[in-house]
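Asker: Note that the UniProt record's numbering gives residue 127 to position 127 of the sequence shown, counting from 1, and the numbers run on in steps of one.
For glycine and all other residues, C-beta sits at the position ideal for the given N, C-alpha and C.
Quick one: this structure, given as structure tokens, is what I'll be asking you about.
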Amino acid sequence: MQGENVSKPVLQVINTRAIATGNGPPRYRVLMSDGVNTLSSFMLATQLNSLVEEEQLSAQCICQVNRFIVNSLKDGRRVVILMDVNVLKTADKVGGNIGNPVPYNEGQGQQHSSAPAANPAPSKPQQRNGNLSVAGPAAPKYHAPSNQFGKASAPSSVKTPGGSQAKVVPIASLNPYQSKWTICARVTQKGQIRTWSNSRGEGKLFSIELVDESGEIRATAFNDQADKFFPLIELNKVYYFTKGNLKTANKQYTAVKNDYEITFTNETSVVPCDDAQHLPSVQFEFVSISDLENTPKDSIVDVIGICKSYEDVTKIIVKANNREVSKRNVHLMDTSGKVVTATLWGNEAEQFDGSRQPVIAIKGARVSDFGGRSLSVLSSSTVVINPDSPEAFKLRGWFDSEGQLLEGASISDVRGGPASGVNTNWKTLFEAKSENLGQGDKADYFSCVGTVVHLRKENCMYQACPSQDCNKKVIDQQNGLYRCEKCDREFPNFKYRMMLLVTIADCLEYQWVTCFQESAEFILGQNAAFLGELKEKNEQAFEEVFQNANFNTYEFRIRVKLETYNDESRIKATAVDVKPVNYREYSKRLIASIRRNAQLG
Numbered sequence: 001m002q003g004e005n006v007s008k009p010v011l012q013v014i015n016t017r018a019i020a021t022g023n024g025p026p027r028y029r030v031l032m033s034d035g036v037n038t039l040s041s042f043m044l045a046t047q048l049n050s051l052v053e054e055e056q057l058s059a060q061c062i063c064q065v066n067r068f069i070v071n072s073l074k075d076g077r078r079v080v081i082l083m084d085v086n087v088l089k090t091a092d093k094v095g096g097n098i099g100n101p102v103p104y105n106e107g108q109g110q111q112h113s114s115a116p117a118a119n120p121a122p123s124k125p126q127q128r129n130g131n132l133s134v135a136g137p138a139a140p141k142y143h144a145p146s147n148q149f150g151k152a153s154a155p156s157s158v159k160t161p162g163g164s165q166a167k168v169v170p171i172a173s174l175n176p177y178q179s180k181w182t183i184c185a186r187v188t189q190k191g192q193i194r195t196w197s198n199s200r201g202e203g204k205l206f207s208i209e210l211v212d213e214s215g216e217i218r219a220t221a222f223n224d225q226a227d228k229f230f231p232l233i234e235l236n237k238v239y240y241f242t243k244g245n246l247k248t249a250n251k252q253y254t255a256v257k258n259d260y261e262i263t264f265t266n267e268t269s270v271v272p273c274d275d276a277q278h279l280p281s282v283q284f285e286f287v288s289i290s291d292l293e294n295t296p297k298d299s300i301v302d303v304i305g306i307c308k309s310y311e312d313v314t315k316i317i318v319k320a321n322n323r324e325v326s327k328r329n330v331h332l333m334d335t336s337g338k339v340v341t342a343t344l345w346g347n348e349a350e351q352f353d354g355s356r357q358p359v360i361a362i363k364g365a366r367v368s369d370f371g372g373r374s375l376s377v378l379s380s381s382t383v384v385i386n387p388d389s390p391e392a393f394k395l396r397g398w399f400d401s402e403g404q405l406l407e408g409a410s411i412s413d414v415r416g417g418p419a420s421g422v423n424t425n426w427k428t429l430f431e432a433k434s435e436n437l438g439q440g441d442k443a444d445y446f447s448c449v450g451t452v453v454h455l456r457k458e459n460c461m462y463q464a465c466p467s468q469d470c471n472k473k474v475i476d477q478q479n480g481l482y483r484c485e486k487c488d489r490e491f492p493n494f495k496y497r498m499m500l501l502v503t504i505a506d507c508l509e510y511q512w513v514t515c516f517q518e519s520a521e522f523i524l525g526q527n528a529a530f531l532g533e534l535k536e537k538n539e540q541a542f543e544e545v546f547q548n549a550n551f552n553t554y555e556f557r558i559r560v561k562l563e564t565y566n567d568e569s570r571i572k573a574t575a576v577d578v579k580p581v582n583y584r585e586y587s588k589r590l591i592a593s594i595r596r597n598a599q600l601g
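The following block contains the structure:
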């Protein structure tokens with residue numbers, strides 16, 4: 001504690017105390033001892049809060065400080081933010097305080113005392129200009145150099161555009177009460193310039209996400225600042241950011257783990273930093289895919305998974321602005337064996353290549369309850385392909401050795417949505433029945449390969465309302481007009497709609513399935529209008545269409561739901577999609593199933 005370079009010091013915790021932070025996560029102040037002196041200027045980084053909450057870091061335990069950041073306060077005092085701590089020996093194995101430590105005071109030098117000293121209670125922390133100040137008689141000022149425990153990795157100061165020296169502070173120390181500050185941070189996400197127009201006017205903005213060793217924060221530039229800084233700031237580069245307004249973060253629009261966010265002003269300066277390779281890139285707090293099933297709707301989460309499969313790009317029209325955007329669904333699996341559907345948008349959807357089944361890490365995805373649980377990648381989200389991280393290496397090793405043999409259980413399409421095109425949740429008909437699919441409050445969906453063994457042609461078609469958005473059955477008025485009760489209109493014509501009942505079978509079981517218009521036309525190989533005309537003019541040809549449709553095999557996407565009619569409950573199965581069998585993928589699934597059964601045997 002006297003300015004010496006000490007690598008990874010070993011200290012004893014004397015006490016911890018929570019500091020109120022409003023709606024944000026609690027901050028913990030820690031009183032520590034080296035056996036001779038105590039110091040109450042330690043703060044625990046929020047990502048280490050679990051050490052205190054799980055009672056691993058508690059009074060009298062022994063710990064090693066692997067990484068720290070020193071934050072200078074306006075009055076000259078300093079706070080040591082603990083970034084990485086290992087508990088070497090828990091309190092129950094220590095049995096008390098080591099030595100007779102006394103409060104450290106730099107002006108008096110190191111204190112020695114032969115008489116036992118009472119354990120100093122941590123003084124009450126105060127908020128002064130938003131910064132933690134260590135006040136009170138039991139909290140002496142701390143003026144030790146910033147390299148007291150070894151060389152701190154963050155730059156200590158930088159020259160501003162005006163030529164003055166500015167002290168670099170960690171992101172974790174920023175708060176709205178500071179007016180002059182400089183951070184050294186890496187840009188981990190950069191959004192496009194967006195415009196807005198409303199009753200209060202119009203303008204433009206873009207946002208970036210910044211990270212240093214202490215944490216992360218979001219920054220937004222509006223109008224003139226957007227024009228000024230957008231071409232200057234590059235993704236993954238490191239800059240000194242000086243001055244800006246700090247306000248409470250709107251968690252609805254950001255997944256960044258910080259209670260505050262920065263707004264650039266006319267006084268904001270951005271200066272490139274060429275010597276900051278030590279700064280981390282994107283910070284993730286991954287959630288297991290299996291845990292998403294119990295994650296509330298609209299939660300913002302970080303996930304990592306293998307690209308189990310992916311779909312082609314589709315185009316949709318956004319109703320809000322009538323703009324066409326690209327969309328692609330990607331199906332991710334992790335070591336839990338669960339699969340979730342994540343939706344990419346825009347350029348990310350178009351440029352994505354999942355052919356080699358990469359590891360995908362997504363920061364800030366929004367949880368949706370459409371089709372069970374699914375994820376939507378937002379404009380503020382960050383997608384990293386094959387990230388250079390321990391989690392990615394572990395996941396890749398698991399998948400290459402055993403994960404690729406798993407079919408995976410989808411949490412995105414088991415309940416609540418058809419999830420068309422998903423190559424997951426495949427079942428045999430026997431499995432679907434034995435697992436009681438469809439017996440719950442919501443419908444269940446599964447995919448199967450089945451062969452058509454019977455088609456019921458009786459009542460397979462009906463005369464429907466010719467209106468584009470209405471398929472209601474019409475009533476023949478026997479006067480050349482057809483009445484639709486839903487539209488409350490009479491028409492001189494009608495259109496044919498299909499409702500075909502089909503029996504499909506696989507190697508173990510059979511199932512009656514209702515096929516509506518598109519599915520029925522695909523199975524029969526003819527459209528409803530042609531079949532209606534054929535039925536009226538050529539009954540034999542109509543019969544042959546049904547005969548030719550027998551014993552063809554397809555991939556079925558089936559919805560099953562328990563329905564009650566005339567006090568009788570039964571499972572109703574409906575085909576929501578029918579398409580040809582992809583025998584390459586089908587063979588892969590069969591081989592994987594054989595391998596799994598061989599391992600079990």
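Buried or exposed: where does Ile475 fall if 16 or more other Cβ atoms within 10 Å of its Cβ makes it buried?
Answerer: In the sequence shown, counting from the first residue as 1, residue 475 sits at position 475. Exposed: under 16 other Cβ atoms inside 10 Å.
Asker: Mapping the DSSP letters down to three states, classify Gln547 as helix, strand or coil.
Answerer: Taking the first residue of the sequence shown as 1, we reach residue 547 at position 547. Helix, per DSSP.
Asker: If we ignore side chains and look at the alpha-carbon of each, how far apart do Gly346 and Arg218 end up?
Answerer: On the sequence shown, position 346 is the one that residue 346 refers to. On the sequence shown, position 218 is the one that residue 218 refers to. About 22 Å.
Asker: According to DSSP, simplified to helix, strand and coil, what is Ser290?
Answerer: Within the sequence shown, the letter at position 290 stands for residue 290. Helix at Ser290.
Asker: Count the other C-beta atoms from every protein chain shown that fall within 10 angstroms of the C-beta of Ile171, then say buried if there are 16 or more, exposed otherwise.
Answerer: Indexing the sequence shown from 1 puts residue 171 at position 171. It is buried - the Cβ of Ile171 has at least 16 other Cβ atoms within 10 Å.
Asker: Please list, in chain order, all residues of the same chain as Tyr496 whose beta carbon is under 8 Å from its beta carbon, the five residues on each side excluded.
Answerer: Indexing the sequence shown from 1 puts residue 496 at position 496. Counting only Cβ-Cβ distances below 8 Å, and skipping sequence neighbours, we find Met461, Tyr462, Gln463, Ala464, Ala528, Ala529, Leu531, Gly532.
Asker: What is the DSSP secondary structure of Pro155, counted as helix, strand or coil?
Answerer: Sequence index remark: in the sequence shown, residue 155 carries index 155 (1-based). With a pLDDT of only 47 at Pro155, under the threshold of 50, the placement of this residue in the model should not be trusted; the figure read from the coordinates follows. The answer is coil: DSSP assigns Pro155 none of H, G, I, E or B.
Asker: In or out: Val449 buried (at least 16 other Cβ within 10 Å) or exposed?
Answerer: The residue you call residue 449 lines up with position 449 of the sequence shown. Around the C-beta of Val449, 16 or more other C-beta atoms lie within 10 Å, and the residue is accordingly described as buried.
Asker: What's the gap between the Cα of Gln189 and the Cα of Glu485?
Answerer: Translated into positions along the sequence shown, residue 189 becomes position 189. Translated into positions along the sequence shown, residue 485 becomes position 485. Distance between the alpha carbons of Gln189 and Glu485 is about 55 Å.
Asker: Nearest to Gly440 by alpha carbon, out of Lys561, Leu332, Asn223?
Answerer: In the sequence shown, residue 440 corresponds to position 440, counting from 1. When each option's Cα is compared against that of Gly440, the closest is Lys561.
Asker: So, are the CB atoms of Ile81 and Ala45 less than 8 Å apart?
Answerer: One-based indexing of the sequence shown puts residue 81 at position 81. One-based indexing of the sequence shown puts residue 45 at position 45. In this structure, Ala45 lies closer than 8 Å to Ile81 by Cβ.
Asker: Helix or strand or just coil, what does DSSP make of Asp227?
Answerer: Here the question's residue 227 lines up with position 227 in the sequence shown. Correct three-state label for Asp227: helix.
Asker: Judging by CA-CA distance, which residue of Asp212, Ile594, Asn250, Arg194 is the nearest neighbour of Asp227?
Answerer: Your numbering for residue 227 matches position 227 in the sequence shown. Residue Arg194 is the option with its Cα nearest to Asp227.
Asker: How big is the Cα-Cα spacing for Leu235 and Gly191?
Answerer: Looking up residue 235 in the sequence shown gives position 235. Looking up residue 191 in the sequence shown gives position 191. Spanning the alpha carbons of Leu235 and Gly191 requires a straight line of approximately 10 Å.
Asker: Tell me, please, whether the region 321-328 touches the region 269-282 by the rule of three or more beta-carbon pairs shorter than 8 Å.
Answerer: Verdict: no, contact absent.
Asker: I'd like to know whether the C-beta atoms of Thr343 and Lys327 end up nearer to each other than 8 Å.
Answerer: Residue 343 sits at position 343 when you count from the first residue of the sequence shown. Residue 327 sits at position 327 when you count from the first residue of the sequence shown. Yes, Cβ-Cβ distance for Thr343 and Lys327 is below 8 Å.
Asker: Among the candidates Val377, Asp506, Arg589, Asn245, whose CA atom is the shortest distance from the CA of Val303?
Answerer: Translated into the one-based positions of the sequence shown, residue 303 becomes position 303. Of the candidates Val377, Asp506, Arg589, Asn245, the one whose C-alpha sits nearest the C-alpha of Val303 is Val377.
Asker: I'd like the span of the beta strand (DSSP E) that includes Ser569, first residue to last.
Answerer: By 1-based counting over the sequence shown, the position of residue 569 is 569. Unbroken beta strand (DSSP E) run through Ser569: 568-579.
Asker: I'd like to check one pair, Glu555 with residue 605: are the Cβ atoms closer than 8 Å?
Answerer: Residue 605 lies beyond the stretch modelled for the chain, which goes from 1 to 601, so this question has no answer here.
Asker: If we count the other Cβ atoms within 10 Å of its Cβ and call it buried at 16 or more, is Pro434 buried or exposed?
Answerer: To locate residue 434, count along the sequence shown from 1; it is residue 434. Going by the sequence as given, residue 434 is Ser instead of Pro. Classification for Ser434: exposed.
Asker: Leaving aside the five residues before and after Ala443 along the sequence, list all residues of the same chain whose C-beta is less than 6 Å from its C-beta, in chain order.
Answerer: The residue labelled residue 443 in the question sits at position 443 within the sequence shown. These residues qualify, in order along the chain: Arg559, Lys561.
Asker: What alpha helix (DSSP H) runs, 4 residues minimum, are completely inside the region 416-460?
Answerer: 429-434
Asker: Mind checking Phe241: buried by the 16 CB within 10 Å criterion, or exposed?
Answerer: Translated into positions along the sequence shown, residue 241 becomes position 241. Counting Cβ neighbours within 10 Å, Phe241 comes out buried, since at least 16 surround it.
Asker: Rounded to the nearest angstrom, how far is the Cβ of Leu395 from that of Asp334, given a contact under 8 Å?
Answerer: As a first step, residue 395 is located in the sequence shown; it is residue number 395 there, counting from the start. As a first step, residue 334 is located in the sequence shown; it is residue number 334 there, counting from the start. Rounded, the Cβ-Cβ distance is 6 Å, consistent with contact.
Asker: Grouping DSSP H, G and I as helix and E and B as strand, with all else coil, what is Gly346?
Answerer: As a working mapping, residue 346 is identified with position 346 in the sequence shown. If DSSP states are grouped into helix, strand and coil, Gly346 belongs with the helices.
Asker: Taking DSSP as the reference, what is the three-state secondary structure of Val94?
Answerer: To locate residue 94, count along the sequence shown from 1; it is residue 94. DSSP places Val94 in helix when its eight states are reduced to three.
Asker: Which runs of the alpha helix (DSSP H) fall wholly inside the UniProt domain "Replication protein A OB" (289-386) and span at least 4 residues, in chain order?
Answerer: 346-351
Asker: Fully enclosed by the region 6-91, which alpha helix (DSSP H) runs are 4 residues long or longer?
Answerer: 49-53
Asker: So, helix, strand or coil for Trp196, using DSSP?
Answerer: As a working mapping, residue 196 is identified with position 196 in the sequence shown. Reduced to three states, the DSSP call for Trp196 is strand.
Asker: Since Ser412 contacts Arg373 with CB under 8 Å, what's their CB separation in whole angstroms?
Answerer: The sequence position of residue 412 within the sequence shown is 412, counting from 1. The sequence position of residue 373 within the sequence shown is 373, counting from 1. Indeed, because the Cβ distance is near 6 Å, the residues count as touching under 8 Å.
Asker: Taking a contact to mean a Cβ-Cβ separation below 8 Å, would you say Thr503 touches Val453 in this structure?
Answerer: As a working note, residue 503 is residue 503 in the sequence shown. As a working note, residue 453 is residue 453 in the sequence shown. Yes, the Cβ-Cβ distance between Thr503 and Val453 is below 8 Å.
Asker: Can you tell me whether Asp298 is buried or exposed, with buried defined as 16 or more other CB within 10 angstroms of its CB?
Answerer: On the sequence shown, residue 298 is found 298 positions in, with the first residue counted as 1. Under this definition Asp298 is an exposed residue.
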